[in-house]
Amino acid sequence: MAARGGERTRRRLSTGERREQLLAVGARLFSESPYDEVWIEQVAEIAGVSRGLLYHYFPTKRNFFAAVVERESERMLRMTAAVPGVPAREQLDANLDAFLAYVEEHAHGYRAFHRADASGDQAVRKVYQRALAAQERQILAALAADPEFGRPAAERPELRLAVRGWLAFTTAVCLEWLRGSDLTRQQVRDLCARSLLGILAP
10 MAARGGERTR RRLSTGERRE QLLAVGARLF SESPYDEVWI EQVAEIAGVS RGLLYHYFPT
70 KRNFFAAVVE RESERMLRMT AAVPGVPARE QLDANLDAFL AYVEEHAHGY RAFHRADASG
130 DQAVRKVYQR ALAAQERQIL AALAADPEFG RPAAERPELR LAVRGWLAFT TAVCLEWLRG
190 SDLTRQQVRD LCARSLLGIL AP
């Protein structure tokens, strides 16, 4: 039977779709406001669900924000995963292009991810720090597997700290870019690539 004058049929969301919807709403709210100023009631109202349903998926606000952070971390790790057998130098531009496309297309999630460190909640900060450590390990593993960088990397114990610093640099550049920098995506990519290659230079 067709819907009557102006009525819209509402499709029931699956568990996965509903969870994704709630996380998307959370990413937007957490990107726009500090952790303490985001209320679960806001999320439920925007998503058009009851508070009870939201708490069914995420028992506390801490659980909810941690899930937002983990979701964005997993996206970034998948997007920048190394391709076995391909030199790291060749992958760098492609991975940065993919990463910057993600930053543009999921700006709310990216901002929300990096707000976690200032949330004031130690449990949430630990989730964020684990996510950064996973990014760091991914980069170091790609370098270690590359003939050009593998041996030098093993002989330079300071490289781990340098990669951590590069991640902080790239974060600062991307957040500033999202605020309205005049740089194009290619210019941001080249800036970040030159920075990492400069770190890797003996």
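In the working numbering, the protein residues as written are 10 to 211. Beta carbons are placed, not taken as given, at the ideal position from N, Cα and C, and that holds for glycine.
Query: Which whole runs of the alpha helix (DSSP H) in the segment 17-70 are 4 residues long or more, in chain order?; Result: 24-41, 49-56 and 60-66
Query: Distance, Cα to Cα, LEU141 vs TRP186?; Result: 20 angstroms
Query: State the DSSP-derived secondary structure class of LEU192, mapped to helix, strand or coil.; Result: coil
Query: Evaluate GLY57 with the Cβ neighbour count: other Cβ atoms within 10 Å of its Cβ, from every protein chain shown; 16 or more gives buried, anything less gives exposed.; Result: exposed
Query: Would you grab the beta carbon distance between VAL136 and VAL78 for me? Rounded to a whole angstrom, and I think it's under 8 angstroms.; Result: 5 angstroms
Query: Three-state secondary structure (DSSP) at ALA11?; Result: The predicted position of ALA11 is uncertain, since its pLDDT is 44 and thus under 50; a value taken from the coordinates is nonetheless stated next. Residue state, collapsed to three classes: coil.
Query: When you compare each of PRO156, GLY174, THR180 and ALA53 to PHE122 by their alpha carbons, which one comes out closest?; Result: THR180
Query: Give the secondary structure of THR179 by DSSP, where H, G and I count as helix, E and B as strand, and everything else as coil.; Result: helix
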